[in-house]
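Under my numbering, the first residue of the sequence shown is numbered 280, with each subsequent residue one higher.
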Amino acid sequence: MTSLILWGSNSPTETTLVSHTGNPLYKITTPWSLHQFQGYVTHIFRLQHLENGETVQEKVGKIEWHSLRHTMMYFEGGEPEASGSFLRRDRPFGSSRTFTGCDGLPYKWIVVGDTLHLYQTPGSYSLMAFTCTASPPRHTTSSPKPKTHTCKRQYETRASLEIPVLNLDQEMMDLIVISWVFMERRRRERSKKRSQVECERGVGKGVKLLDQEAESSVESGIGNGGGVGYNVGKVYAEDEDDMIARAF
Numbered sequence: 280m281t282s283l284i285l286w287g288s289n290s291p292t293e294t295t296l297v298s299h300t301g302n303p304l305y306k307i308t309t310p311w312s313l314h315q316f317q318g319y320v321t322h323i324f325r326l327q328h329l330e331n332g333e334t335v336q337e338k339v340g341k342i343e344w345h346s347l348r349h350t351m352m353y354f355e356g357g358e359p360e361a362s363g364s365f366l367r368r369d370r371p372f373g374s375s376r377t378f379t380g381c382d383g384l385p386y387k388w389i390v391v392g393d394t395l396h397l398y399q400t401p402g403s404y405s406l407m408a409f410t411c412t413a414s415p416p417r418h419t420t421s422s423p424k425p426k427t428h429t430c431k432r433q434y435e436t437r438a439s440l441e442i443p444v445l446n447l448d449q450e451m452m453d454l455i456v457i458s459w460v461f462m463e464r465r466r467r468e469r470s471k472k473r474s475q476v477e478c479e480r481g482v483g484k485g486v487k488l489l490d491q492e493a494e495s496s497v498e499s500g501i502g503n504g505g506g507v508g509y510n511v512g513k514v515y516a517e518d519e520d521d522m523i524a525r526a527f
């Protein structure tokens, strides 16, 4: 199994992914720019360690984040694609997304609570990758509930990207990392907004979230999940192809 642990920063857009032995494998950076109003740009580099001790950075992709138009994803040696085109939704407002690997097969990211799972589909749903957090999940016996009047989490989550597949093609590894950067940022944004809604409405007072695809997938045995109602109270627009609906 390959473990890629966030090191130095807990942000998926500004960190170094290191192996369990501490060997840096990927560098992810989002530099500050005078043109931030046009959108942030995240650069993903693969790190190669030479015999003479030097480390060489090889750029494998970048993500241009936009709020008023499509976020764009760039892959070295390939054509740029809109995030909604490369990471396709299964249904409107769903959190799961599917991309086509370099082998021509579909791979599906599914949000499961505070984690992400990547499956090779269709058929066996072989687990290709998943994320872990270093701290206990919220609202369990091992994790006291945060104070509702502050709505600040008591634990910082430091994610790691676990890839159980051995001898994975390097190009496929790059695609997994690039797609993970997008998915993990979006997952955290959703989680933050959900916490804000809980703050505004009161934790445990019947707040109903429409974005429950992960729970539906678990109950139905990993698939497209159950249906979604559209009694929408608020709509949060992250970009044109990525909207979150909440019902109350």
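Don't be surprised by glycine CBs; every beta carbon is placed ideally from N, CA and C.
Beta bridge counterpart(s) of residue i as assigned by DSSP
i: H299; result: The partner list for H299 (beta bridge, DSSP) is empty, contrary to what the question assumes.
i: E293; result: S290
i: Y404; result: None; Y404 has no bridge partner.
i: T334; result: H328
i: L544; result: Residue 544 lies beyond the residue range present for the chain, which begins at 280 and ends at 527; the question has no answer from this structure.
i: T309; result: Answer is none; T309 lacks a bridge partner.
Beta-carbon proximity list for residue i, same chain, < 8 Å, skipping 5 on both sides
i: P310; result: V320, H322
i: P291; result: L285, I307, A438, W459, V460, E463, R464, R467
i: C381; result: D448, E450, M451, L454
i: V297; result: L283, I284, W286, P303, L304
i: P401; result: P385
i: R367; result: R376, T377, F378
Beta carbon proximity, residue i to chain C, threshold 8 Å
i: W286; result: Here chain C cannot be found, since the structure has a single protein chain.
Own chain residues within Cβ distance below 6 Å of residue i, not counting five before or after
i: M352; result: I342, E360, S362, F365
i: D453; result: V339
i: H396; result: I389, F409
i: W344; result: G318, Y319, T350
i: T281; result: I442
i: E330; result: none
i: V456; result: Y305
i: H328; result: T334
N-terminal and C-terminal residue of the alpha helix (DSSP H) that residue i is part of
i: S474; result: 449-480
Opening and closing residue of the beta strand (DSSP E) in which residue i lies
i: T281; result: 281-290
i: L326; result: 320-328
Own chain partners of residue i with C-beta closer than 7 Å, once the 5 adjacent residues on each side are dropped
i: K484; result: Model confidence at K484 stands at a pLDDT of 49, short of 50, so the residue's coordinates are unreliable and nothing is read from them.
i: T294; result: L285, W286, G287, S288, I307
i: Q399; result: L384, Y386, S405, M407
i: L326; result: P303, L304, Y305, K306, T334, Q336
Check: residue i C-beta below 7 Å from any heavy atom of the ligand ZN
i: W388; result: What this structure holds is no ligand at all, so the ligand ZN is not there to describe.
Can you give, in chain order, each stretch of the beta strand (DSSP E) that sits fully within the region 340-399 and has at least 3 residues?
-> List check, beta strand (DSSP E) in window: 351-354, 376-379, 385-391, 394-399.
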